[in-house]
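To start, the structure under review is shown below, and the notes come after it.
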Amino acid sequence: MGQIEWAMWANEQALATGLILLTGGIVGVAGQFKDWQFAAYGIAAGVFICLLEYPRGKRKNKGTSIERMGQRYLTICVKAFGPLTRNYFVRAGLHAVLSIPGGFMLPTVLGCVCVAIASLIYLLAAIRGEQWEPIMPQVESKQRPGESMKEPPSNPPPRLPAELRRKRQEDAAYVNPIPISVNSV
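When the letters of the sequence shown are read in order and numbered with this note's numbering, they come out as residues 2 to 186.
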């Protein structure tokens, strides 16, 4: 069995967490809860987490990294911060700090707990030695597909095996001088 890539799970958890924290913050501000400033913080933190976590990282062991739609533009921004965003110890600490103010208000408590869980998963990924690598666009090869083929097939499918084709070509030396047509019969 392969090893679990914890960073992938942490990324999905943190992205969902950002949306949950954003939603809780909107409910807290719109509902005019007491201490609504924590809800406003929840909106800001949710947007920040979503922007940070939207670009998926490259998978460590397999080449099946699929980027999200429009991820390329945010990848450039996240990559620009270098080790601050690439290192999962830093992300784990950042998420742990971001989760604290959300616990002071009912609408943002669920988001606070989810951010704390994402922080723990990122900590586990960092302990396992994982690191965020951007998914870069793949460069298409300069080689055209026709160059790899020696010559295109001459027979329409289904094709006979090569031995039978050679034998039929050798036997084709004899040509019937009287063509038989279906209409003459």
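Ideal Cβ placement from N, Cα and C applies to all residues, glycine included.
Here the structure is a predicted model, which is why all the values come from computation and not from measurement.
Own chain partners of Ser-66 with C-beta closer than 6 Å, once the 5 adjacent residues on each side are dropped: For the purposes of this step, residue 66 is taken as residue 65 along the sequence shown, with counting starting at 1. Within the same chain, Ser-66 has close Cβ partners Lys-59, Arg-60, Ile-136.
Range of the contiguous alpha helix (DSSP H) that encloses Asp-172: Against the sequence shown, residue 172 aligns to sequence position 171. Start and end: 163-172.
Note down the Cα distance separating Pro-157 from Leu-165, rounded to an integer number of angstroms. If you number the sequence shown from 1, residue 157 lands on position 156. If you number the sequence shown from 1, residue 165 lands on position 164. Distance between the alpha carbons of Pro-157 and Leu-165: 15 Å.
Kindly give me the distance between the Cβ atoms of Gly-26 and Gly-47, rounded to whole angstroms, as I take these residues to be in contact under 8 Å. In the sequence shown, counting from the first residue as 1, residue 26 sits at position 25. In the sequence shown, counting from the first residue as 1, residue 47 sits at position 46. About 6 Å separates the beta carbons of Gly-26 and Gly-47, which is inside the 8 Å limit, making them a contact pair.
Run of the alpha helix (DSSP H) containing Met-9, from where it starts to where it stops: One-based indexing of the sequence shown puts residue 9 at position 8. That run of the alpha helix (DSSP H) goes 7-31.
When we look at the beta-carbon of Val-116 and count the other beta-carbons within 10 Å, is it buried (16 or more) or exposed? Within the sequence shown, numbered from 1, the residue matching residue 116 stands at position 115. Classification for Val-116: buried.
Going by the DSSP bridge assignment, what does Gly-58 pair with across the sheet? Position 57 of the sequence shown, counted from the first residue, corresponds to residue 58. Its beta-bridge partners are Pro-135.
In the structure shown, what three-state DSSP assignment does Ile-118 receive? What you label residue 118 is simply residue 117 of the sequence shown in a count that begins at 1. Helix.
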